[in-house]
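Protein chains in written order, with our numbering: chain P, 1 to 228; chain V, 1 to 228.
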């Protein structure tokens, strides 16, 4: 049987370092990163209680999904946030080419490297719209700057990656994991960017966001011990 | 924790009736249909060997995915074909409104009701395209009729449903399950439709289809016994 579907698909799993089973074969992972959580900020909806200042977090990327403790949340306080990189759903060829040249690559681990994870959920109204109705909300028009217009201004200093969760884990309260990295010196710009994205006058897409919280972290080198 | 993502999501599981565990609670399902396979036709790639003339097949639809025997294929000959209805990825508001009026609803089970399941896989080149590049291939242009143009002509007599699999089961050799129902009297029209969809001059989208086989079935009433 031919295998045609796994090319360039990448799953990401954010789990507490303490919850990774002893003997877990990280060699199967295409990538492993570690973080320490500095702050969790609720915007709409709640983060898992065990996700808080001092939590050591790992991001495991792999070509196939991994199951930790039956997914989702665990009574003992473990949790899994997960999603997959997918093909582009709204980006046109022009934007894709421009962003490829412009975009900041992923940063090396460092005490100066800040990573922010924002799980986001969109309302039923969003999912009921047709493709063209959703598409227009991303674009720059006479009336609004839109997601693309806002994002473009920051793409050279803020690395971003989008993981999709909606159809992978229907029980998750979020539809996407949005992930960012930047030098701590650019944190004011990052705050400016998310505040512009949340302003429904410049970005009406956000009218449909009904779940989000921010997880501010430092990206640690793999040999470092997280503070706690 | 708020639950925002499961609205209108529907999972479908096509499994041999003989593989449904005794005592399996079908009451949890939002829908259960039964079929007997009349013919399996390979187009590109192979169907599971146990899927053949006489196989009794069930379609179970539910609000959350169900796991049968570790998914995929089973050495004993069991198999699972599964996917989820998702939001619309290419249909614009105009087409959506037109199709809503035009489209044939699902048919009642009957010896005259033919159902055809076609698992479809698309090539890496498809998934690497930007949204606008994929979008244009669905639409009617001066040069081609396109998927929408072809489908519209048959929508009043052929019921269709699309399940997505690509990011739900990365090991599956298909990306989608396309499912159709019609009166057996309309079978010649159905054959005409799929032959037009496969003609890359009228529908260049099909240049990117690299896996498909057809499963022709009769939709049985739930009390009927499949012939074997």
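For glycine and all other residues, C-beta sits at the position ideal for the given N, C-alpha and C.
Proximity of residue i and residue j at Cβ, strictly below 8 Å
i, j, result
"residue 47/V", "residue 209/V", "no"
"residue 150/P", "residue 103/P", "no"
"residue 297/P", "residue 36/P", "Since the first and last residues shown for chain P are 1 and 228, residue 297/P lies out of range."
"residue 56/P", "residue 16/P", "yes"
"residue 213/V", "residue 45/V", "yes"
"residue 153/P", "residue 146/P", "no"
"residue 222/P", "residue 32/P", "yes"
"residue 78/V", "residue 133/V", "no"
"residue 157/V", "residue 180/V", "no"
"residue 148/P", "residue 165/P", "no"
"residue 114/V", "residue 187/V", "yes"
"residue 82/P", "residue 12/P", "yes"
"residue 30/V", "residue 76/V", "no"
"residue 211/V", "residue 121/V", "yes"
"residue 40/P", "residue 52/P", "yes"
"residue 99/P", "residue 155/P", "yes"
"residue 95/P", "residue 183/P", "no"
"residue 178/V", "residue 131/P", "no"
"residue 163/P", "residue 85/P", "yes"
"residue 89/P", "residue 89/V", "yes"
"residue 137/V", "residue 205/V", "yes"
"residue 193/P", "residue 38/P", "no"
Within chain P, partners of residue i - CB distance below 9 Å
i, result
"residue 170/V", "5, 6, 9, 11, 63, 64, 65, 84"
"residue 240/V", "Because chain V spans 1 through 228 in this model, residue 240/V falls outside it and cannot be assessed."
"residue 91/V", "130, 131, 132"
First and last residue of the uninterrupted alpha helix (DSSP H) at residue i
i, result
"residue 153/P", "146-154"
"residue 97/P", "93-102"
"residue 132/V", "131-138"
"residue 191/P", "187-198"
"residue 128/P", "124-128"
Residues bridged to residue i [DSSP beta-bridge criterion]
i, result
"residue 57/P", "16/P, 35/P"
"residue 119/V", "177/V"
"residue 83/V", "12/V"
"residue 73/V", "79/V"
"residue 183/P", "113/P"
"residue 41/V", "214/V"
"residue 62/P", "11/P"
Within chain V, the residues that residue i reaches when beta carbons sit closer than 9 Å
i, result
"residue 163/P", "Going along chain V, no residue has its Cβ under 9 Å from residue 163/P, so there is no contact; the nearest lies around 10 Å."
Contacts of residue i in chain V (Cβ-Cβ under 7 Å)
i, result
"residue 87/P", "127"
Residue span of the beta strand (DSSP E) that contains residue i, given as start and end
i, result
"residue 215/P", "209-220"
"residue 162/P", "159-164"
Amino acids of chain V, ordered along the chain, whose beta-carbon sits closer than 8 Å to that of residue i
i, result
"residue 167/P", "9, 84, 86, 164, 167, 168"
Could you run through the stretch 110-133 of chain P and flag, in chain order, every residue whose CB is less than 9 Å away from some CB of chain V? 121, 122, 123, 124, 126, 127, 128, 129, 130, 131, 132, 133
Anything in the stretch 135-157 of chain V with a Cβ closer than 7 Å to a Cβ of chain P? List those residues in chain order, please. none
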